[in-house]
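Protein chains in written order, with the working numbering: chain P, 26 to 410; chain V, 237 to 564; chain C, 3 to 328. Written out below as structure tokens is the structure these notes cover.
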Amino acid sequence: MQEEYKKGILDRLADFLVIALGSFINIFKRDWKKKNKSKMEEWRLMLYALNRSPPGLIGVFLVLVFIFFGVFGPRLAPWPYNYFPFFDNGTAYLAPPGTQVYLPSHETIMSLHLGADHYGRDLLSLLLAGARTSFVISIVVIVLGVPLGILLGLIAGYYGGKTDELVMRITDMFLAFPALILAIALSAVLPNRLQAFISSHAHLQSFVLWLFGLHMREAGNLGRLLSVILAMIIVWWPAYARITRGSTLTEKENLYVEAARAIGLSSWTIMFKHILPNIIGPILVYITLDFGSVILMEAGLSFLGLGATPPIADWGRIVYDGTQFFPKAWWLIIYPGLVVMLVALGWNLLGDTLRDILDPKTRRSIEFKVKKTKKMEEKEGEENA
Amino acid sequence: MRRMPEPILEVRDLTVHFYTYAGIVKAIERVSFDVYKGETFALVGETGCGKSVTSRALTQLIESPGRIVGGKVIYHSDKGPIDLLKLSEEEIREIRGKEIAYIFQDPHASLDPLYQVGYQIAEAMVVHNTVKDLKEGLQRALSILKRVLIPDPESRIKNYPHEMSGGMKQRVVIGTGLTNNPKVLIADEPTTALDVTVQAQILDLMNKLKRDYNTTLILITHNMGVVAEMADRIAVMYAGKIAEIGTAEQIFKNPLHPYTQGLLKAVPNPMKRIERLDAIPGTVPNLITPPSGCRFHPRCPFAKDICKQKVPELKEIEDGHFVACHLY
Amino acid sequence: MKLEPILQVRNLKKYFPVKGLFFTKGHVKAVDDISFEIRRGETFGLVGESGCGKTTTGRTILRLIEPTDGEVIFQGKNIMELKGDEMKWFRRKAQIMFQDPYSSLNPRQTVFEVIMEPVRFHGIHVDDPEEFVIKLLESVGLNEMHLYRYPHEFSGGQRQRIALARLLALRPEFIVLDEPTSALDVSVQANILNTLKDIQREFGFTYLFISHDLGVVKYMSHRMGVMYLGKLVEVGPSDEIFEKPLHPYTQLLLSAIPVPDPELAKELKAKRMKVEGEPPSPINPPSGCRFHPRCPFAKDICKKQEPPLMEAEKDHYVACWLYSKA
């Protein structure tokens, strides 16, 4: 009935990672390792749980690959996104995958492994550069949108009464609009103002350009890019306000919240130190799933012609431009579509697995199996001796 | 002194395991006891000792991940003895509810909040084919409410469960359990959710009904007071095993098992002045990896070497007084 | 010997609104005008059936719930008027222990954090926090092995001990014990009750012990109060109340307890008061004395006029017209 738990290579890697991380923190905080034995054990069991879930591992792999290219993509791209080979050599125009094109001005041959777009740009390079765009946008939207939602949800759920009514009615107003339509409307309205704003703040402008891995020349296009981000933040927080409020309402019924009040702790301390850590699990799962959703929505908006403008490399935009040449230049649709799909799939697999890992039951069951196996191994060892 | 009692249930080596995510929970191991016709038999013990599981296993009421692993439950029906554990799902359903009825702890959960109580009782009877139609069922429901002494039954029958108090609901549940004049009534903590004054009323009612209908009552409880008041014979359970069986007098006046002794000393008696309670040290063991030998040995003040090694068997020390302990 | 009061409750009221679809339909009078005092170093037991308002009383006294009306005087200060630092002082001096050990500890905090949090918040200076926490754990029957563990690694009884250690860390003077052992098994309950008694003797705490279990209250308390439907019906020394209950409700309550002794049980059962019915709803309590519809001795006056709490015997108060001298 009971399966044993045999440690594989990944589990040993997990052991190593946890110990390494623990030792690392220990350098800065004295006795951290000793005080957090239980915590490290939980981490270890979480990693074990992950190791036992092939979809989870695939998810982790896809996400890690995405993050890697999100960070290093523009640098790894063989050709810059804003170089148009078409002007050098007409044959680069919509060159199919596998074509070699000679570029007289560079005196080199460009190998187009995945084909080229209508400017003759290497699709592989565009996809690599586009990874950065997606990566930055998804992070910015989550990092700014989610905490706002969590904060409002906590306040509404904890204080209840009139505060709750006010916050939640506003949230409802946002939720009542279909998110995509609202985002479309906002990204149509916002660009000019944002452009004016960003142009008048030089430091901010160069920072944003650096963030997206863009050339100075694209400064004029930032307004539209930022408008999509802002639009998505605005449609993103209400969902978090709602789930956080729900969890807060349940969680604050727990007596430890009342115990904290009896000690005299302030509402803010109780909200952030006591309630939040206990409801963050499901929210984390949501966030992970939403990374995929943000990327999909951003690609969708770009596909509709909003957001990133050429020549900025953007997966959705590549597909949008590619539609004019479909089915002749199929690669302009198939490859970016595949990439978006894999990334979204990765985040979703990871999110679903996270749900299992964060469930204490899964961990207890693994803990039991590990202990049992260990006991059996010890017994065998004794017998051998 | 005792006339030869006639058993109605003979439980032998009943074993139930739960296959959970954390491992096999040995909820009850080789539990054996007899229940005699017409008596009140109490199964006593603390949380997780297996008393509820035992009572449910009698009619195969064990749901996944639990499984009855072994044992026999001989039921002496009018037609002769049958092993309840060998019956098919259909056959056991015939017995459950008709000959062996249950009352559970939480009256709120036993009634459907969406239907009037009268309708619920009537419908159950229609389903069990005890009445022809709903109309007859409602008439029977009315007589049931009268039987369990609910005031103003004619209007109460139209009440929804939320319009009734906890005690009233438990009366309805008891009434429903008794609809088919069962031979055995198994009451699992019937008064735990109720206040003391209401508890007293319900216990009185159960005693009265038991006398009126000559039912055998199996009472499952953790409350030593309720046991003292109700039971003729008592089985004390600890960690999935029977520790001691005897008449109420034997158990309370001459407890043999160290656990029974400890349990009795740990209950504050409201009628006596006690300076200090004797507590049992330690905690109830985890039933995934129960202690070897006697399961009580880690907490037992008299534990010897043998207690760690050998599982004690039930031995008859005096007439009808059994104990599973190496001290005897 | 009469000890000085540490806490006085005066005319405390707490009404909870019952919300209808649009308007408030009425009020649950959970606590309706009760007054009593708790003396330094004693255990005051508060008993009653579910819904009688005993738990609400305990929380209102600590101002975890704001009362509708009334005063609670703690060491000469009306705590309903305290603000800022004075409130912080009160939070340190008065603590509460809850019924449910499974939800009263934050699952994300280690035992060390659970215990140190109040200490740090109140700015209590501790030389060696680890040493300090270990000492506390030892005083409630745990040890240093448990220091950095999480609540899920403990049993119900052990969790109650951790909760107890958290209280002790602040060195309070007054502790509300809200059914601290109701969720525990008898063998564990006895352990916790003994520990509570021991630390009371050691540190001189004053307890308000709320429970529905009369056996436990009898074991723990010096004086006790009996509540019925938001009202205090009897207050007096526990031994006296158990021996000679005055209020018919107290008599009913005491005669209804099942006693863990078959012979005594038979005896008591024969004498048991036969009272039909159950406590009515606290939304629309009966007029006059709230117990009159169930009271076998009810007179006319009981239906009309509410009996005040009167001293029937020395230090023994009862709210019942049977004992009215008038």
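C-beta atoms are modelled at their ideal positions from N, C-alpha and C, and glycine is treated no differently.
- Taking a Cβ-Cβ threshold of 7 Å, the residues of chain P close to D102 (chain C) are L280, in chain order.
- For F76 (chain C), the beta-bridge partners assigned by DSSP are C:L9 and C:K79.
- Cα atoms of P263 (chain P) and K31 (chain P): separation of roughly 44 Å, rounded to the nearest angstrom.
- By the neighbour-count definition (other C-beta atoms within 10 Å, threshold 16), W104 (chain P) is a buried residue.
- Identification of chain C residues near S63 (chain P) by a Cβ-Cβ cut-off of 8 Å yields T112, Y150, R151, Y152 and E155, ordered along the chain.
- For S313 (chain V), the three-state secondary structure derived from DSSP is strand.
- Looking at the DSSP output, A300 (chain C) shares a beta bridge with no other residue.
- Listed along chain V, the residues sitting closer than 9 Å to A258 (chain C) by beta-carbon distance are D431, V432, T433, V434, Q435, A436 and Q437.
- The alpha carbon of G306 (chain P) has as its nearest neighbour, out of P:L128, P:G115 and P:L379, the alpha carbon of P:L379.
- Between I244 (chain V) and V420 (chain V), the beta carbon gap of about 6 Å places them in contact (Cβ cut-off 8 Å).
- Counting along the chain, no beta strand (DSSP E) covers A515 (chain V), and no H or E run does either.
- In the DSSP assignment, D270 (chain V) is bridged to V:E246.
- Taking 8 Å as the upper bound for CB-CB distance, I304 (chain P) and V166 (chain P) are not in contact here, some 21 Å apart.
- Within the segment 72–138 of chain P, the complete alpha helix (DSSP H) segments at least 4 residues long are 79–101, listed from N- to C-terminus.
- At least one CB atom of chain C sits nearer than 8 Å to the CB of G498 (chain V).
- D381 (chain P) and L82 (chain P) have their C-alpha atoms some 13 Å from each other.
- No Cβ of chain V is located within less than 8 Å of the beta carbon of Y230 (chain C).
- Its chain contains F558, V559 and Y564 as the residues whose beta carbon lies nearer than 7 Å to that of K551 (chain V), once the 5 sequence neighbours on both sides are disregarded; these appear in chain order.
- Residues of chain V whose Cβ lies closer than 7 Å to the Cβ of F393 (chain P) are, in chain order, A258 and G259.
- Around the Cβ of I134 (chain P), a 10 Å sphere holds fewer than 16 other Cβ atoms; the residue is exposed.
- Under the Cβ criterion of 8 Å, G289 (chain P) is counted among the residues facing chain C.
- About 6 Å separates the Cβ atoms of I320 (chain P) and A369 (chain P), confirming a contact at the 8 Å cut-off.
- For T252 (chain C), the three-state secondary structure derived from DSSP is helix.
- Excluding the 5 residues flanking it on each side, G286 (chain V) has same chain C-beta neighbours closer than 6 Å at A263, I264, M473 and G476, in chain order.
- When CB distances to chain C are screened at a threshold of 8 Å, the residues of the segment 509–529 of chain V falling below it are R509, I510, R512, L513, D514, A515, I516, P517, T519 and V520, in chain order.
- In terms of Cβ geometry, I422 (chain V) and M404 (chain V) do not form a close pair [threshold 8 Å].
- Within the segment 321–348 of chain V, the complete beta strand (DSSP E) segments of 3 residues or longer fall at 336–339, listed in chain order.
- L14 (chain C) sits in a strand when the DSSP states are folded into three classes.
- Between I81 (chain C) and L210 (chain C) the beta-carbon gap is near 14 Å, outside 8 Å, which marks them as no contact.
- Annotation: Cβ neighbours of Q97 (chain C) in chain P (cutoff 7 Å, chain order): A287.
- Within the segment 303–314 of chain P, the residues whose Cβ lies closer than 8 Å to any Cβ of chain C are, in chain order, N303.
- Judged by DSSP in its simplified three-state form, T45 (chain C) adopts strand.
- Cα atoms of P537 (chain V) and D448 (chain V): separation of roughly 45 Å, rounded to the nearest angstrom.
- Only those residues of the segment 7–32 of chain C whose C-beta falls short of 8 Å from the nearest C-beta of chain P would be listed, and there are none.
- Contact holds between the segment 188–199 of chain C and the segment 511–528 of chain V, because three or more Cβ pairs, one in each stretch, are under 8 Å apart.
- Note on geometry: alpha-carbon atoms of K382 (chain V) and V113 (chain C) lie some 55 Å from one another.
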